Amino acid sequence: EPEVTQTPSHQVTQMGQEVILRCVPISNHLYFYWYRQILGQKVEFLVSFYNNEISEKSEIFDDQFSVERPDGSNFTLKIRSTKLEDSAMYFCASSGSRSTGELFFGEGSRLTVL
Amino acid sequence: AQSVTQPDIHITVSEGASLELRCNYSYGATPYLFWYVQSPGQGLQLLLKYFSGDTLVQGIKGFEAEFKRSQSSFNLRKPSVHWSDAAEYFCAVGPQYNFNKFYFGSGTKLNVKP
Chain F
1069 EPEVTQTPSH QVTQMGQEVI LRCVPISNHL YFYWYRQILG QKVEFLVSFY
1119 NNEISEKSEI FDDQFSVERP DGSNFTLKIR STKLEDSAMY FCASSGSRST
1169 GELFFGEGSR LTVL
Chain A
-5 AQSVTQPDIH ITVSEGASLE LRCNYSYGAT PYLFWYVQSP GQGLQLLLKY
45 FSGDTLVQGI KGFEAEFKRS QSSFNLRKPS VHWSDAAEYF CAVGPQYNFN
95 KFYFGSGTKL NVKP
């Protein structure tokens, strides 16, 4: 069964460092998303991406965040200068359609900022 | 404002017992409703979804959920729980025809006693 894969599964970084989280969405999907879950809190929407541009972003997704689809398969989330409060589980998701109602999620990348 | 509430943070049931996980939502328009499950070390997996029609929907792994518009609820049920059902369960709501942005509840952790 096709799946969304994310790397790394866990990354520990120092405050102020840049981090790139990588995702390989399901190959024929067109819509891509990042969500995050701070420990003990809700899963929160960060950004959606379609046709090589951001469709929508939340207030969390400030100038420190960026997304890119550098080639035909990867979808990356970059945090330019990490803060302690960026520590969270980051989930990538993809969808083949905006109306089928199913997002396929990866296993998540846990980011720990020290 | 859109929100999803899962009032039970932890639930423990005995194997073979019935289960009901509660979900209430606040949403300005007619929503699409979802239940996702996250097993340890796994991504979020869709259990079931409600778009329209029959308010009782069947999902995978023997789960079902009932949409009650008057109560703004979408509770998840299973008649007989198996030890492998131990996981975290998330209710989510999204706009019809536009899955740019899902709102998730904070999750309910299910423990299953032998």
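Protein chains in written order, with the numbering used here: chain F, 1069 to 1182; chain A, -5 to 108.
Beta carbons: idealized from backbone N, C-alpha and C, even for Gly.
Quick caveat: nothing in here was measured; it's all calculated off a predicted structure.
Tell me the residue span of the beta strand (DSSP E) that contains residue i.
| i | result |
| --- | --- |
| residue 1136 of chain F | 1133 to 1136 |
| residue 1177 of chain F | 1177 to 1181 |
| residue 1159 of chain F | 1156 to 1163 |
Identify which residue in the options has its Cα closest to the Cα of residue i.
| i | options | result |
| --- | --- | --- |
| residue 1109 of chain F | A/7, A/89, A/0 and A/-5 | A/0 |
| residue 63 of chain A | A/21, A/101 and A/35 | A/21 |
| residue 1074 of chain F | F/1140, F/1181 and F/1176 | F/1176 |
| residue 1130 of chain F | F/1081, F/1138 and F/1151 | F/1151 |
| residue 1102 of chain F | F/1124, F/1119, F/1095 and F/1082 | F/1124 |
| residue 1095 of chain F | F/1174, F/1173, F/1181 and F/1164 | F/1164 |
| residue 26 of chain A | A/14, A/13 and A/47 | A/47 |
| residue 1145 of chain F | F/1160, F/1106 and F/1153 | F/1160 |
| residue 97 of chain A | A/65, A/18, A/73 and A/78 | A/18 |
| residue 1139 of chain F | F/1156, F/1120, F/1111 and F/1182 | F/1120 |
| residue 107 of chain A | A/69, A/52, A/99 and A/79 | A/79 |
| residue 101 of chain A | F/1111, F/1077 and F/1082 | F/1111 |
| residue 1090 of chain F | F/1135, F/1126, F/1128 and F/1117 | F/1135 |
| residue 1070 of chain F | F/1097, F/1083, F/1182 and F/1077 | F/1097 |
Tell me, which residues are paired with residue i by DSSP?
| i | result |
| --- | --- |
| residue 88 of chain A | A/26 |
| residue 1142 of chain F | In the DSSP output, where bridge partners are listed per residue, residue 1142 of chain F has none listed. |
| residue 39 of chain A | A/31 |
| residue 71 of chain A | A/14 and A/58 |
Whole angstroms are fine: how far does the CA of residue j sit from the CA of residue i?
| i | j | result |
| --- | --- | --- |
| residue 56 of chain A | residue 1085 of chain F | 45 angstroms |
| residue 7 of chain A | residue 1100 of chain F | 36 angstroms |
| residue 31 of chain A | residue 41 of chain A | 7 angstroms |
| residue 82 of chain A | residue 1092 of chain F | 24 angstroms |
| residue -2 of chain A | residue 103 of chain A | 16 angstroms |
| residue 1088 of chain F | residue 12 of chain A | 43 angstroms |
| residue 1072 of chain F | residue 33 of chain A | 16 angstroms |
| residue 88 of chain A | residue 44 of chain A | 11 angstroms |
| residue 65 of chain A | residue 16 of chain A | 11 angstroms |
| residue 1238 of chain F | residue 1157 of chain F | No answer is possible for residue 1238 of chain F: it lies beyond the span of chain F, which begins at 1069 and ends at 1182. |
| residue 1080 of chain F | residue 1137 of chain F | 24 angstroms |
| residue 1187 of chain F | residue 39 of chain A | Beyond the ends of chain F as shown, which are 1069 and 1182, falls residue 1187 of chain F; an answer cannot be given. |
| residue 1147 of chain F | residue 71 of chain A | 39 angstroms |
How about residue i: is its Cβ closer than 8 angstroms to a heavy atom in the ligand NAP?
| i | result |
| --- | --- |
| residue 6 of chain A | What this structure holds is no ligand at all, so the ligand NAP is not there to describe. |
message: Can you pull out the residues from the region 32 to 47 of chain A whose beta carbon lies closer than 8 angstroms to at least one beta carbon of chain F?
response: Contact residues of the region 32 to 47 of chain A toward chain F are 35, 36, 37, 38, 39, 40, 43 and 45 (C-beta to C-beta distance below 8 angstroms).
message: Output needed in chain order: residues of the region 1076 to 1091 of chain F with a Cβ under 7 angstroms from some Cβ in chain A.
response: none
message: Can you pull out the residues from the region 1096 to 1123 of chain F whose beta carbon lies closer than 9 angstroms to at least one beta carbon of chain A?
response: Taking 9 angstroms as the Cβ-Cβ cut-off against chain A, the residues of the region 1096 to 1123 of chain F that qualify are 1099, 1101, 1103, 1105, 1108, 1109, 1110, 1111, 1112, 1113, 1116, 1118 and 1123.
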